[in-house]
Amino acid sequence: MSAELWNSAVRVLDKNWAGDHMVPSRRLYPHQWSWDAAFIAVGLCYVNPSRAWRDLRSLFEAQWPDGRVPHIVFDPHTAEGDYFPGPVFWDVPAYGGRRPRGSTALVQPPLHAVAAWEVYRRAMSHGAAAVREAHAALEWLYPRLVAQQDYLTGHRDAGGAGLASIVHPWESGLDNSPAWDAAMSAVPADLTLLQKYHRRDLDVADAAHRPTDVDYARYLGLVLSYRDGGYADAHLARDHDFVVECPNFNAILGAAEIALAQIAGVLGADPQVHRARAQRITTAIVDRLYDARSRTFRVLDVRTGAHSPARCISGLVPLILPDLPAYYADDIMTEARSARFGLPQQTDLPAPSYDRTAADFDTLRYWRGPVWINVNWLLRRGMLQHGYRDEAEDLRTAMVRLVHRSGEYEYFHPMTGEGIGEPAFSWTAALSLDLLADRSIPAYARAA
Ligand code: 9WN
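Quick note: the sequence shown uses the numbering used here, first residue 950, plus one each step.
So, in structure tokens, the structure goes:
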């Protein structure tokens, strides 16, 4: 089983390589996506470390002067009509010597430092030239990764407590999650936008899987209002209609500082500053995103100060923080094992994206129920981090079994395991390689 899955995952990554970057999938996502590149690098480095570095480098070459790393870098060879909303809709001006309309203006979870560290620590098994390549790549990336963190904890600290706010559900990576419903209900839905603009996702994907028109109108409206303000971040909490702090996004922000501490150590820079930042982020996540009544981590609406009522997989991801006190790690594991996320007896599948017991649990619609490999990969990493080795191993085998049985799909039906969304999806393929190869306890275990 392992060899078969390994070979087919490698074939997916070969097919999706576009010369200097990887596309998430050929049909639905024909450009480069930010957090996809991080997940992809984690697995691609086993078979082609040079491509893993090239992909990360292509992404960071599109970094804005203010430090933001765009959520999509547009491929100039892809026609405008092949993806919506494309370059013309975003209308990003030229910056840093790059052509205009080269990227979006949103961000995604900053998993790249974690990915860079993973690619670096695997370079050893590829020989001396790969180690030299990895060292040079880290030197190039390090200041850029730091600038990314500074942007997120500076410009995006709309809540004033040292966490990053996201200003659009697309920034979360968990786009259509019920975690946004409460905050999104206050965002105007101008349905005439859908007469003006054509939803290309519905041409290539099943409407029952994709966001509703009302949600999509809100997505477009949020981009247009951010665009009208020149994509500036001043006064976000006052002027922007959607400003939230997400436990998944901020846990990755904290994990990035731990990885930066490791990278700084290799490069002779100061690791301590990163460890201190990681600690501050963990403390702020606990202070602001933990709901003591339900003993879960929730999305916080910065504008209203309210926690989202939805229990989503994003609330389990703070487990990746090594400094998270055991008390909270235990709560996350209780939630993960419960009927809401746990592996029910009739299936042996990884965790769904949303509470299985919720009345609006949806087995098909994007991030509202289906199983995704990337967030389960994060959850497993957190389990290893906090010593839940048996559960981590069960989750690893559940993921490998699922992808082997159903194929490298974008996501999976949470009851049957059937593959849905895009086939030949890059991060599912890449993370399968990592899950097949890596049974070790991560070597970054605890911030000293
Ligand atoms: C919008 C590319 C991206 C992922 C996101 C996933 C989806 C796009 C969409 O695809 O988002 O960015 O059309 O919904 O939700 O996590 O990065 O794979």
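Every residue, glycine too, gets a C-beta built ideally from N, C-alpha and C.
Which stretch, first to last residue, makes up the alpha helix (DSSP H) that contains residue i?
i: Pro1036; result: 1036-1039
i: Asn1197; result: 1196-1216
i: Arg1081; result: 1077-1102
i: Ile1115; result: Looking at the DSSP string, Ile1115 is not in any alpha helix (DSSP H), and its letter there is neither H nor E.
i: Val961; result: 951-964
i: Phe1310; result: Phe1310 -> no alpha helix (DSSP H), and no H or E assigned at all.
i: Gln1144; result: 1142-1145
i: Glu1010; result: 998-1010
i: Val1063; result: 1061-1072
i: Leu1262; result: A quick correction: the sequence has Ile, not Leu, at residue 1262. That residue, Ile1262, is in no alpha helix (DSSP H); it is neither H nor E in DSSP.
i: Asp1343; result: 1338-1355
Residues in its own chain within less than 7 angstroms of residue i by CB, not counting five upstream and five downstream?
i: His1020; result: Trp982, Ser983, Thr1053, Leu1055, Val1056, Gln1057, Trp1119, Glu1120
i: Arg1003; result: Asp969
i: Ser951; result: Leu1385
i: Met1364; result: Thr1296, Thr1312
i: Pro1127; result: Ala1259, Cys1261, Tyr1303, Asp1309, Arg1317
i: Ala1043; result: Pro1049
i: Ile1390; result: Note on Ile1390: pLDDT 49, under 50, position unreliable in the model; no value is reported.
i: Ala1204; result: Val1063, Ile1269, Leu1270
i: Arg1252; result: Ala1186, Val1192
Can you check whether the CB of residue j is closer than 7 angstroms to the CB of residue i?
i: Trp955; j: Leu1385; result: yes
i: Leu1313; j: Ala1157; result: yes
i: Leu1265; j: His1256; result: no
i: Met1348; j: Asn1323; result: no
i: His1061; j: Phe1023; result: no
i: Leu1087; j: Tyr1069; result: yes
i: Arg960; j: Gly1111; result: no
i: Ala1085; j: Val1192; result: no
i: Ala1138; j: Ala1096; result: no
i: Asp1304; j: Arg1260; result: yes
i: Pro1267; j: Pro1196; result: yes
i: Ile1269; j: Ala1200; result: yes
Spatial neighbours of residue i within its chain, please: CB distance less than 6 angstroms, with the 5 preceding and 5 following residues excluded, ordered by chain position.
i: Ala1396; result: Because the pLDDT of Ala1396 is 39, which lies under 50, any placement of that residue in the model is unreliable, and the number read from its coordinates should be weighed accordingly. Taken in chain order, the residues that qualify are Ile1207, Arg1224, Ala1227, Pro1271, Asp1272.
i: Thr1047; result: Looking at the sequence shown, residue 1047 is not Thr but Arg. Same-chain partners within the cutoff: there are none.
i: Gly1214; result: Pro1220
i: Thr1232; result: none
i: Ala1378; result: Ala958, Val961, Leu962, Glu1357
i: Glu1010; result: none
i: Leu1169; result: Leu1142
Can you tell me whether residue i sits near the ligand MG, meaning its C-beta is under 6 angstroms from at least one heavy atom of the ligand?
i: Asp1124; result: Annotation note on the ligand MG: not contained in the displayed structure, which lists the ligand 9WN as its ligands.
Leaving out five residues before and five after residue i in sequence, what residues of the same chain have Cβ atoms less than 8 angstroms from its Cβ?
i: Leu1202; result: Pro1058, Pro1059, Gln1098, Leu1101, Thr1102, Leu1112, Ala1113, Ile1230
i: Ser1355; result: Phe1361, Gly1366, Glu1367, Gly1368
i: Leu1380; result: Phe988, Val991, Gly992, Ile1322, Asn1323, Trp1326, Met1348
Can you round the beta-carbon distance between residue i and residue j to whole angstroms, since I take them to be within the 8 angstroms contact cut?
i: Leu993; j: Leu962; result: 6 angstroms
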